[in-house]
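Its first residue numbered 11, the sequence shown is counted upward by one per residue in my numbering.
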Amino acid sequence: MTEILIFLGGVLSGAGIMWVIVNRYLLPTDARDRLIKHALEREHQRVLRDGPTAAREYYDDR
């Protein structure tokens with residue numbers, strides 16, 4: 011059982027490291043900027059829809 015947990019931890023750790031490498035070095039800057047812009051626009055639309063109070067409650071819970 012311990013060996014399985016160690017193996018899964020290694021797999022997840024490796025996946026996290028690869029995610030950082032892909033995002034930091036392999037993903038073109040304009041694509042990364044588009045992803046960030048899209049995420050910010052989506053959050054802005056949510057705030058417009060739900061109102062600023064909902065946004066404050068969302069961030070206070072984090």
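Where is the CB? At the ideal position from N, CA and C, for every residue including glycine.
Does the distance from the CB of residue i to the CB of residue j come in under 8 Å?
i, j, result
"residue 33", "residue 44", "no"
By Cβ distance below 6 Å, which residues in the same chain neighbour residue i in space, the five residues on each side in sequence not counted?
i, result
"residue 31", "none"
"residue 48", "none"
Output needed for residue i: all residues of its chain with C-beta closer than 7 Å, excluding positions within five of it in sequence on either side, in chain order.
i, result
"residue 14", "none"
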